[in-house]
Structure formats: C-alpha cells, structure tokens
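Down below is the structure, laid out as structure tokens.
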Amino acid sequence: MMKRAILHFDADAFFASVEQAADRHLRGKPIVVGGLHRGIVASASYQARQLGIYTPMPIGRARRLYPKLIVVPPRFELYEQFSGNIFGMAEEMTPLIEKQSIDEGYLDLTGTKACLGRDPYAAAEKFGHDVHDWLKITISQGLARNKLLSQIASKLHKPDKLTAVPFHRDQELAFLHPLPVKWLPTIGPTTAQLMASAGLTAIRQVSQMPLNFLAELVGKNAKQLRDFSRNIDDRLVTTTQSDALSYGHQETFDKDTTDRAFIEAKLRCLADRSFVRLRKDAKQIRTITVKIRYTDMDEHQGQLSLREPTDVEEHVYPLLSRLLQRLWDRRVRLRMVHVKLSNVYSGFSQLDLFGVKQRQQTLSTLRDTIRQRFGERALMGPHDLLLSRSQKLSRSLTVAALMLL
Ligand SMILES: [Mg+2]
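422 is the number of the first residue of the sequence shown in the working numbering; add one for each residue after it.
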C-alpha cells in the first residue's frame with residue numbers, strides 16, 4: 422500500500438495578514454484587527470506580537486503597550502474571500518481536502534507524484550509560494566504520515582514554515598515524544614494543568630501510562646489520548662467541498678403544516694442541535710441557511726450572515742424568522758425545513774470574555790452539559806415546550822425541565 426502523505430496548513434495571523442495584504446500602508450506595521458463593538462484583539466500582526474500584543478487582549482491594554490497601534494475593524498466578507506482563494510489553490514493539488522475552519526485544513530497528498538509530477542514536499546512548497554505570491558499572506562504547513570503529526574508540525578514553527586516529519590516510525594516518535602502534552606489534540610489548558618499536577622509534562626510520559634490511570638485524569642478520552650501519544654492515528658482526510666464545511670439538520674414533519682409558530686419552533690430546535698455540535702468542536706459560524714420544501718416538493722432556500730461569528734444560538738433566532746418570512750411566500754403547506762450553519766471560524770469564543778454574550782455562552786455550555794448527561798429533552802427552551810405540547814410530552818418531564826431552567 423502507498424504511504425499516506427497528509428498536509429495540514431494554517432494561515433499565519435490570518436485576519437491581520439489579510440488586512441495588510443489588502444492595504445500596503447499597513448504592511449510591516451504593528452496592527453490588530455478587532456474592537457468592532459467589543460474591545461478585544463481578534464488578530465494581531467507579527468509586528469504587533471513582537472510588542473507583546475496577543476489574542477484575545479483588550480484593545481485598551483494593547484494600546485498602552487504601543488500607543489501608535491493601528492486598530493482595524495474586522496471585515497469578515499474579505500477574510501471569507503481570501504479563504505476561498507486559498508482553498509481554491511489547494512484544490513489544484515488534490516480533491517481530498519478537509520476544511521477545518523476558515524484558514525485551516527488537511528490535504529491528502531498521497532500519490533501527488535503520479536498526478537502532479539511533484540512529490541508531496543515539493544507540492545506543499547509550491548502551495549506556500551503560490552499563496553504568498555497571489556494573496557500576499559503566508560501559511561504554515563506540516564507534512565507527515567498522519568493527521569496528528571501534520572497538524573502539530575504546521576503549528577510548531579510559525580510563521581511561513583513548512584515542517585516535514587520524516588516518514589519513519591522512529592523519527593516520528595523522536596519528533597512527538599519530547600513535546601509538551603498541550604500539543605496533543607483535545608488537551609486544553611485546564612487538562613494540561615491537571616496532567617502537569619500528576620507529573621505528566623511530555624507526550625512520552627503519557628504514552629507509558631496505564632489506561633486506567635489516564636482515565637482518572639481525562640475520562641473517556643483516555644484511549645484516544647494514549648493512542649495519539651503512541652502515534653496511533655488512522656483518521657482519514659474526510660472530503661468537504663471547499664465551502665461545504667457546515668453544520669446542518671433537517672426535519673420532515675409528520676403532517677404538512679401552515680402553523681407558523683410550530684415551524685419557527687422547529688427551525689430553532691434544528692439550529693440548537695447544530696450549535697451543540699458546533700460548540701463541541703470549539704467552532705463559530707457567521708452564516709445561516711434555511712431551506713423549506715412545500716407539500717408539492719417545490720423548494721426555496723436563502724441565507725443571511727451575522728456581522729461577526731458566533732457560537733450562541735440565540736444570535737441566529739432573529740435570522741431564522743426573517744428567512745422564513747422571506748422564503749415562505751406561497752400560501753401552501755410546508756413538509757420539510759432544513760437549517761445549515763456555515764462560514765465556520767475557530768478561536769472566536771475567547772473574544773467574549775466579558776459582557777452579555779459571555780453570560781449567554783456560559784448558559785449555552787451549561788445547557789449542553791445537562792443535555793449530554795440527562796438526554797436531549799432534559800432541558801428545553803420555550804420553542805421546545807411549544808413543540809412538546811403538540812407531542813403530548815409527559816407533564817412531569819416538562820416540570821422537571823422548568824425547574825432546571
Ligand atoms: Mg491560523
């Protein structure tokens with residue numbers, strides 16, 4: 422069997438770099454993107470990082486560090502265009518692309534030699550050059566035999582670096598084992614701290630631990646974690662067409678209906694389900710698409726975008742209503758609705774360390790936990806209750822849900 426070659430790429434300081442690419446006056450200068458209505462740095466140029474300015478830092482503090490700092494409001498449409506261009510270039514190398522967020526993805530480059538006349542390393546090198554030449558931004562890349570190593574390698578030496586892990590088991594372990602545990606996927610700062618307090622700082626140590634010991638620290642992730650620490654990773658690059666990374670759910674009604682309140686409640690439930698998955702993946706989205714199907718199978722769809730990415734379902738409820746209003750223009754019963762979240766971002770949750778959004782977010786996370794533990798129906802919003810009334814849900818469950826709220 423041919424050896425797999427997996428490339429992971431990640432754009433460097435993406436929003437700030439795009440702004441610098443779009444405006445030559447910003448190039449080479451300490452700039453940050455952010456401060457639209459919450460005063461947090463969303464992205465800092467490398468020149469700003471050299472001054473100690475990071476994401477997510479309050480803009481006020483960044484300005485105290487460097488009073489001449491240039492603050493640019495975010496332009497998400499522009500970032501999404503650049504993203505489209507990067508993934509377009511990636512498609513010239515392989516159709517096997519797994520988009521992870523607006524500026525990150527996996528490419529399966531196995532067999533590029535035969536197709537492109539270039540080995541995977543040379544293909545990756547050209548990709549990096551092309552992105553730089555055409556878009557005036559840089560990406561960092563990791564090339565390895567599996568997703569785990571390629572992702573770590575792409576982030577290890579930023580910016581503008583291509584890091585290849587030799588395709589030999591011993592050299593792979595020599596690369597992986599000395600690294601701090603925080604480099605393993607699924608290990609956040611809290612878990613890293615927990616592991617440190619148990620004396621586990623390097624990935625090598627994790628690889629030597631008995632499973633039940635790890636399970637006490639990290640719960641059900643233990644097996645996955647130890648596999649990663651032993652460089653066991655068979656995850657495939659799952660193709661998502663370049664802009665198809667999305668979270669969606671649809672539902673066909675038991676009976677075709679014109680009950681507007683019922684349909685709106687359904688839309689919200691579908692959105693809720695997608696947001697639970699979205700938060701589990703630590704992602705945020707900016708665009709929401711609604712599709713409706715009439716009883717005669719006629720279909721309509723439309724989409725709207727928020728001003729900035731979010732991982733809070735309440736933020737898209739008004740958009741759902743507007744879309745339904747706009748799309749449902751025939752006085753005909755509906756049989757199916759579909760809600761899709763797209764334009765996926767990552768790293769936006771930390772922006773909201775303060776304020777109302779933060780409170781809502783905490784609530785959402787709490788809800789996810791309760792639902793995970795007690796089941797989908799353990800906790801319901803007003804729209805769930807509306808639906809459950811029509812479904813004759815037992816009264817006690819509803820009362821229990823209200824008490825939890
Ligand atoms: Mg990035």
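Each residue gets a CB set at the ideal place from its N, CA and C atoms; glycine is no exception.
Quiz item: Pairing CB atoms from the segment 749 to 758 with CB atoms from the segment 695 to 708, are three or more of them under 8 Å?
Solution: no
Quiz item: Of the choices Ala-434, His-446, Pro-488, His-429, whose alpha-carbon is the least far from that of Ala-465?
Solution: Ala-434
Self-check item: Rounded separation between Leu-744 and Ala-442 - CA only
Solution: 35 Å
Practice problem: Check whether the Cβ atoms of Pro-479 and Ile-461 lie closer than 8 Å to each other. | Solution: Closer than 8 Å, so yes.
Quiz prompt | Sequence-distant residues of the same chain with beta carbon closer than 6 Å to Trp-604, five excluded per side | solution = Ile-573
Quiz item: Within this structure, are the beta carbons of Ser-650 and Val-733 separated by less than 8 Å?
Solution: no
Quiz item: DSSP on Tyr-542, reduced to helix/strand/coil?
Solution: Reduced to three states, the DSSP call for Tyr-542 is helix.
Quiz item: So what does DSSP say about Asp-554, is it helix, strand or coil?
Solution: helix
Quiz item: Per DSSP, what kind of secondary structure is Pro-610 in: helix, strand or coil?
Solution: Helix at Pro-610.
Quiz item: Any heavy atom of ligand 1 closer than 7 Å to the CB of Glu-440?
Solution: For Glu-440, the Cβ stays outside the 7 Å cut-off from all heavy atoms of ligand 1.
Exercise. Give the DSSP-derived three-state secondary structure of Gln-724 in the structure shown.
Key: In the three-state scheme derived from DSSP, where H, G and I count as helix and E and B as strand, Gln-724 is classed as strand.
Exercise. When you get a sec, list the residues whose CB is within less than 5 Å of any heavy atom of ligand 1, chain order please.
Key: Asp-431, Ala-432, Phe-435, Asp-524
Practice problem: Thinking Ile-624 and Val-602 are a contact (beta carbons under 8 Å), I'd like their distance in whole angstroms, please. | Solution: 6 Å
Practice problem: Would you identify the three-state DSSP class for Ile-507, choosing helix, strand or coil? | Solution: It is helical.
Practice problem: Return helix, strand or coil for Ile-491, following the three-state DSSP convention. | Solution: strand
Quiz item: Is the number of C-beta pairs between the segment 552 to 559 and the segment 503 to 522 that are closer than 8 Å three or more?
Solution: Judged by Cβ distances under 8 Å, the segment 552 to 559 makes contact with the segment 503 to 522, as three or more pairs qualify.
Quiz item: Alpha carbon to alpha carbon, what distance is there between Ile-709 and Thr-607?
Solution: Straight-line Cα distance between these residues: approximately 27 Å.
Self-check item: Arg-470 - containing beta strand (DSSP E), residue span
Solution: Per DSSP, Arg-470 belongs to no beta strand (DSSP E); it is in the alpha helix (DSSP H), 467 to 470.
Practice problem: Only counting runs of 3 or more residues, tell me where the beta strand (DSSP E) segments fall wholly within the segment 560 to 609, in order along the chain. | Solution: 560 to 565, 583 to 585
Quiz item: So, are the CB atoms of Ala-545 and Leu-517 less than 8 Å apart?
Solution: no
Quiz item: When burial is assigned at 16 or more other CB atoms within 10 Å of the CB, is Gly-549 buried or exposed?
Solution: buried
Quiz prompt | Straight-line gap, Ala-483 to Gly-449 (C-alpha atoms, nearest Å) | solution = Taking the straight line joining both Cα atoms gives about 17 Å.
Exercise. Would you identify the three-state DSSP class for Gly-640, choosing helix, strand or coil?
Key: helix
Practice problem: Using only alpha-carbon positions, find the residue among Lys-424, Leu-428, Phe-436 that is nearest to Tyr-766. | Solution: Phe-436
Quiz item: For Asn-642, which residues of its own chain have a beta-carbon under 6 Å away from its beta-carbon, when the five flanking residues on both sides are left out?
Solution: Thr-607
Exercise. Can you give me the start and stop residues for the alpha helix (DSSP H) that Phe-674 sits inside?
Key: Not the alpha helix (DSSP H): Phe-674 falls in the beta strand (DSSP E), residues 668 to 678.
Exercise. Mark Pro-587 as exposed unless 16 or more other C-beta atoms lie within 10 angstroms of its C-beta, in which case mark it buried.
Key: exposed
Practice problem: Kindly identify the DSSP beta-bridge partner or partners of Pro-479. | Solution: Ile-461
Practice problem: Please state whether DSSP places Ile-624 in a helix, a strand or coil. | Solution: helix
Quiz prompt | Beta carbon of Asp-581 nearer than 8 Å to that of Thr-611 | solution = no
Quiz prompt | Residue range of the beta strand (DSSP E) that includes Leu-833 | solution = For the chain, the structure presents residues 422 to 826; residue 833 sits outside this window and is missing.
Quiz item: Is the segment 673 to 680 touching the segment 724 to 740 in the sense that three or more CB pairs, one from each, lie closer than 8 Å?
Solution: Three or more Cβ pairs closer than 8 Å define a contact, and the segment 724 to 740 falls short of that threshold against the segment 673 to 680.
Quiz prompt | Sub-8 Å separation of Glu-501 and Ile-523 beta-carbons | solution = yes
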